[in-house]
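Going down the list, the sequences are from chains A and B. Residues in the first sequence are numbered consecutively from 80, following the working numbering. Residues in the second sequence are numbered consecutively from 561, following the working numbering. Heads up, the beta-carbon is just placed ideally off N, CA and C, and yes, glycines get one too. Note that the coordinates shown come from a computational prediction; the quantities given were computed from them, not determined experimentally.
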Amino acid sequence: MADFEPIIVAFCCHYCAYGAADLAGSMRLEYPPNIRVIRLPCTGKVTPILLLRAFEKGADGVYVAGCLEGDCHFIQGNLVAKPRVNYTRKLIQEVGLEPERLEMFNMSAAMGPRFAEVAREFTERIKTLGPSPLRKTHPTAKQEAA
Amino acid sequence: MVIGERKPFEEIVKMLNDHKKILVLGCGGCVTVCLTGGEDAVGLLSSQLRMFREKENNSLDITEKTIERQCDPEYIEQISDILGQIDGILSLACGAGVQFVAERYPGMPVYPALNTTFVGGSKKEGYYVERCQTCGDCKLFYTGGICPIARCSKSLLNGPCGGSTNGKCEIDPQVDCAWQLIIDRLKSLNLMERYEQIIEANDWRSSRDGGPRTMIREDFQR
């Protein structure tokens with residue numbers, strides 16, 4: 080398990096977290112390469128099925144990163160996403176996955192260091208939880224090599 | 561509309577234990593509106609079922625489809641070409657839809673994924689309340705458009721009872737006393753004389769007491 084490298088999908092809002100990721104890069108901040116960023120026009124675009132699909136395709140962890148509450152570019156997209164993420168946590172729990180594998184974070188485009196911190200913390204969390212039981216059908220390059 | 565609520569996931573999983581290839585069939589009617597049986601709900605439940613069975617090393621082949629209505633033979637016909645590829649149907653319709661599909665395809669097991677809960681409407685998005693008990697003898701004229709059968713916990717036709725306190729029902733302080741609502745509304749409409757009329761004992765034969773009901777439009781019979 081020590082060499083387990085999780086696959087993490089991060090659904091990032093174009094107006095904040097995606098900008099923060101860009102800033103983290105410009106600042107030359109290091110964060111784990113396990114994160115696969117998917118840019119969304121707003122976290123209000125997130126639906127439970129989108130999150131479930133990520134798990135179904137073998138993601139070990141998924142997070143949604145939206146604007147700070149009250150700062151959504153589309154006024155309340157992040158407030159729409161929040162209960163949807165919470166609902167999806169229940170859905171993955173029913174399936175037998177730990178709800179901690181899914182989380183929502185809020186940050187502004189100026190928070191590059193926070194983006195890197197979230198990426199590090201979440202990767203650590205998923206490493207502690209271990210691979211998703213659905214991962215076996217989607218082996219990573221590393222597992223294949225092993 | 562008919563409101564349905566999804567059954568607990570474990571119950572659905574148990575029903576499908578012996579199946580390998582199923583059709584998860586959504587309904588585009590009431591249950592789509594109340595967010596439990598439409599295309600989205602079909603996608604969610606199918607994804608959950610696939611993941612669960614994959615985890616158990618017992619994969620489940622799922623075909624997803626949503627038809628306009630499951631309580632109408634002409635739409636149910638649309639799944640006839642899928643039947644050869646499946647060994648069971650999980651229906652996300654209300655109880656009526658499940659039964660119509662089962663009647664049409666006698667050799668195919670059809671299971672309900674929802675518990676049909678009540679006839680009601682949406683107070684706001686994702687929040688549904690009961691408004692009608694389909695008793696078959698509408699009294700809304702006398703009661704200012706508020707149904708005492710569906711909304712009074714005792715279905716009293718001449719209320720309120722002694723359990724009404726500050727406009728709330730004794731069964732739960734969150735539940736409005738239907739008769740308080742009726743009186744308030746009749747007062748605001750200046751129609752209190754309707755409240756003075758005693759409503760006679762109901763003839764429950766028009767409700768479920770008369771057995772399963774039918775409604776036939778003669779002009780449509782050939």
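>> Can you pull the chain B neighbours of P127 (chain A), defined as C-beta to C-beta under 7 angstroms?
In response: Residue mapping note: residue 127 (chain A) aligns to position 48 of the first sequence, counting from 1. Per Cβ cutoff of 7 angstroms: L604.
> Run through DSSP, which three-state label would L583 (chain B) get?
Replying inline: For the purposes of this step, residue 583 (chain B) is taken as residue 23 along the second sequence, with counting starting at 1. It is a strand residue.
> Which ranges does the alpha helix (DSSP H) cover as unbroken runs of at least 4 residues, wholly within the stretch 156-185 of chain A, from first to last along the chain?
Replying inline: 156-174
>> Based on DSSP bridge pairs, tell me the residues matched to D736 (chain B).
In response: The count along the second sequence starts at 1 and reaches residue 736 (chain B) at position 176. BP columns for D736 (chain B) point to B:K728.
> With DSSP run on the structure shown, which of helix, strand or coil describes S682 (chain B)?
Replying inline: Position 122 of the second sequence, counting from 1, holds the residue named residue 682 (chain B). It is a strand residue.
>> My output table needs one value for A225 (chain A): the three-state DSSP class, helix, strand or coil.
In response: The residue given as residue 225 (chain A) occupies position 146 in the first sequence. Only weak support exists for where A225 (chain A) lies, its pLDDT of 38 falling under 50; the coordinates are left without a value.
> Quick one: which chain A residues come within Cβ less than 7 angstroms of F569 (chain B)?
Replying inline: On the second sequence, position 9 is the one that residue 569 (chain B) refers to. Residues of chain A whose Cβ lies closer than 7 angstroms to the Cβ of F569 (chain B) are, in chain order, E173.
> By how many angstroms is the C-alpha of I642 (chain B) removed from the C-alpha of F660 (chain B)?
Replying inline: As a first step, residue 660 (chain B) is located in the second sequence; it is residue number 100 there, counting from the start. As a first step, residue 642 (chain B) is located in the second sequence; it is residue number 82 there, counting from the start. Taking the straight line from one Cα to the other gives about 17 angstroms.
> From what residue to what residue does the beta strand (DSSP E) around A89 (chain A) run?
Replying inline: Taking the first residue of the first sequence as position 1, residue 89 (chain A) is located at position 10. Residues I87 to C92.
> Given that F184 (chain A) touches chain B, what residues does it touch there, using C-beta distances under 7 angstroms?
Replying inline: Residue mapping note: residue 184 (chain A) aligns to position 105 of the first sequence, counting from 1. Within chain B, no residue comes near F184 (chain A); the closest Cβ sits about 23 angstroms away, beyond 7 angstroms.
>> Counting beta carbon pairs with one atom in the stretch 731-739 of chain B and one in the stretch 655-669 of chain B, are three or more of them shorter than 8 angstroms?
In response: No, the stretch 655-669 of chain B is not in contact with the stretch 731-739 of chain B.
> With a CB to CB cut of under 7 angstroms and the five nearest residues on each side skipped, what residues in its chain are close to M190 (chain A)?
Replying inline: Translated into the one-based positions of the first sequence, residue 190 (chain A) becomes position 111. Cβ within range, chain order: A99.
> So what's A195 (chain A) in DSSP terms, helix, strand or just coil?
Replying inline: Position 116 of the first sequence holds residue 195 (chain A). Of the three classes helix, strand and coil, the one that applies to A195 (chain A) here is helix, per DSSP.
>> I'd like the list of long-range same chain contacts for C151 (chain A), defined as Cβ closer than 6 angstroms, with 5 residues on each side in sequence excluded.
In response: For the purposes of this step, residue 151 (chain A) is taken as the residue at position 72 of the first sequence. Excluding its 5 nearest sequence neighbours in each direction, C151 (chain A) has C-beta neighbours in its own chain below 6 angstroms: N157, listed in chain order.
> Closer than 7 angstroms, Cβ to any Cβ of chain B: which residues of the stretch 120-149 of chain A, in chain order?
Replying inline: P127, I128, L131, R132, F134 and E135
> Within 7 angstroms (strictly less), CB to CB, does E614 (chain B) reach chain A?
Replying inline: Working through the second sequence from its first residue, we reach residue 614 (chain B) at position 54. At a cut-off of 7 angstroms between C-beta atoms, E614 (chain B) counts as an interface residue with respect to chain A.
>> Need the endpoints of the alpha helix (DSSP H) that C594 (chain B) sits in, please.
In response: Looking up residue 594 (chain B) in the second sequence gives position 34. Looking at the DSSP string, C594 (chain B) is not in any alpha helix (DSSP H), and its letter there is neither H nor E.
>> Against chain A, does M575 (chain B) count as a neighbour if the rule is that its beta carbon must be under 7 angstroms from one of theirs?
In response: As a first step, residue 575 (chain B) is located in the second sequence; it is residue number 15 there, counting from the start. No - not a single Cβ of chain A is within 7 angstroms of the one on M575 (chain B).
>> Under 7 angstroms, Cβ to Cβ, is there at least one residue of chain B near P85 (chain A)?
In response: Numbered from 1 along the first sequence, position 6 holds the residue referred to as residue 85 (chain A). P85 (chain A) does not count as touching chain B.
> Using 8 angstroms as the threshold, is the stretch 693-713 of chain B in touch with the stretch 606-624 of chain B, meaning 3 or more CB pairs across them?
Replying inline: Look at the beta carbons and you see the stretch 693-713 of chain B not touching the stretch 606-624 of chain B: under three pairs across the two are nearer than 8 angstroms.
>> Does chain B have any CB closer than 7 angstroms to the CB of L181 (chain A)?
In response: Within the first sequence, residue 181 (chain A) is the residue found at index 102, counting from 1. No, because no Cβ of chain B sits closer than 7 angstroms to the Cβ of L181 (chain A).
>> Assuming contact is defined by CB atoms lying nearer than 7 angstroms, are Y142 (chain A) and A195 (chain A) in contact in what I supplied?
In response: In the first sequence, counting from the first residue as 1, residue 142 (chain A) sits at position 63. In the first sequence, counting from the first residue as 1, residue 195 (chain A) sits at position 116. No, the pair does not count as a contact, with Cβ atoms beyond the cut-off.
> If you run the structure through DSSP and keep just helix, strand and coil, what is K714 (chain B)?
Replying inline: Here residue 714 (chain B) is taken as the residue at index 154 of the second sequence, counted from 1. Coil, per DSSP.
> Which two residues bound the contiguous beta strand (DSSP E) that contains I636 (chain B)?
Replying inline: Taking the second sequence and counting its residues from 1, the one referred to as residue 636 (chain B) is at position 76. First-last for I636 (chain B): P633 to I636, but that is the alpha helix (DSSP H), not the beta strand (DSSP E).
> Span of the alpha helix (DSSP H) holding P127 (chain A)?
Replying inline: Position 48 of the first sequence, counted from the first residue, corresponds to residue 127 (chain A). From DSSP, the alpha helix (DSSP H) with P127 (chain A) extends over P127 to E135.
>> Short of 6 angstroms in beta carbon distance, which residues of its chain neighbour A96 (chain A), apart from the five on each side in sequence? Order them along the chain.
In response: As a position in the first sequence, residue 96 (chain A) is number 17, starting the count at 1. Here the set comprises A144 and M186.
> Which chain B residues sit within Cβ distance under 8 angstroms of L208 (chain A)?
Replying inline: Mapped onto the first sequence, residue 208 (chain A) falls at position 129. Under the 8 angstroms cutoff, chain B gives no residues; its nearest Cβ is about 15 angstroms from L208 (chain A).
>> At the 7 angstroms Cβ level, is P212 (chain A) part of the contact set with chain B, yes or no?
In response: Taking the first residue of the first sequence as 1, we reach residue 212 (chain A) at position 133. Interface residue, yes.
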